[in-house]
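J.: Per this note's numbering, the very first residue in the sequence shown carries number 146; after that it's consecutive. Below is a structure I'd like to ask you about.
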Amino acid sequence: MALAAEKEKRLKRIRKAQQELEQEAREKAEQKGQKPEEAKPNSKVQRNFTDPESRIMPRGGSFQQSYNAQVAVDADTQLIVAQAVGQSPSDARQLEPMVKQVEANTGLVPKQLSADSGYFCREDMEQVEQRGVELFVAPVRSKHGQEPTPA
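Next comes the structure, spelled out in structure tokens:
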């Protein structure tokens with residue numbers, strides 16, 4: 146009896162996930178100006194039933210069920226002044242939201258900010274610079290031991 150109940154529970158979760166995928170497909174179609182009723186979910190889309198908010202993200206040449214965490218640290222005190230956990234595999238649009246969060250948490254806009262090449266996004270960087278922040282963001286990723294790219 147317990148096995149049948151567990152099977153029914155799983156089937157219910159699968160149906161709910163299918164409905165969510167169909168709804169997402171309709172919303173995407175509508176955003177693109179297409180007919181939502183004709184939209185079909187991508188057959189390769191996956192859902193994690195134990196942690197539905199996580200996403201499959203690239204990691205070290207393969208893929209892994211993950212989140213993308215952001216942390217802002219004060220360089221002088223080494224204290225965490227802001228943090229965020231998201232579903233986007235890219236860091237590219239995370240600078241500006243983190244600067245806003247630093248300001249909300251501390252009441253201060255950072256004077257300087259350093260970040261690796263994953264955060265290099267001109268539009269995001271321009272928004273942060275307009276807030277008076279001096280940026281030090283690597284434009285390209287370099288391998289360990291490789292000579293740095295000239296400034």
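Where is the CB? At the ideal position from N, CA and C, for every residue including glycine.
Taking the CB atoms as reference points, tell me whether V89 and V230 lie closer together than 7 Å.
T.: Since the first and last residues shown for the chain are 146 and 296, residue 89 lies out of range.
J.: G205 CB to nearest chain C CB: under 7 Å?
T.: Chain labels in this structure do not include chain C; a single protein chain is all it has.
J.: Buried or exposed: which applies to R200, given that a residue is buried once 16 or more other Cβ atoms fall within 10 Å of its Cβ?
T.: buried
J.: Alpha carbons only, please: which of L148, P234, Q223 and K152 is nearest the one belonging to A214?
T.: P234
J.: Since A184 and A170 are thought to touch, with beta carbons under 8 Å apart, how far apart are those beta carbons, to the nearest angstrom?
T.: About 4 Å separates the two Cβ atoms, so the contact holds.
J.: If you count every other CB in all the chains shown that lies within 10 Å of the CB of D261, and 16 or more means buried, which is it?
T.: Result: exposed.
J.: Buried or exposed, going by whether 16 or more other CB atoms sit within 10 Å of the CB of L224?
T.: exposed
J.: Would you say V190 and L166 are within 7 Å of each other, going by their C-beta atoms?
T.: yes
J.: Thinking Y212 and Q239 are a contact (beta carbons under 8 Å), I'd like their distance in whole angstroms, please.
T.: Actually they do not touch by this definition, with Cβ atoms about 13 Å apart.
J.: Under the three-state reduction of DSSP, which class applies to E167: helix, strand or coil?
T.: helix
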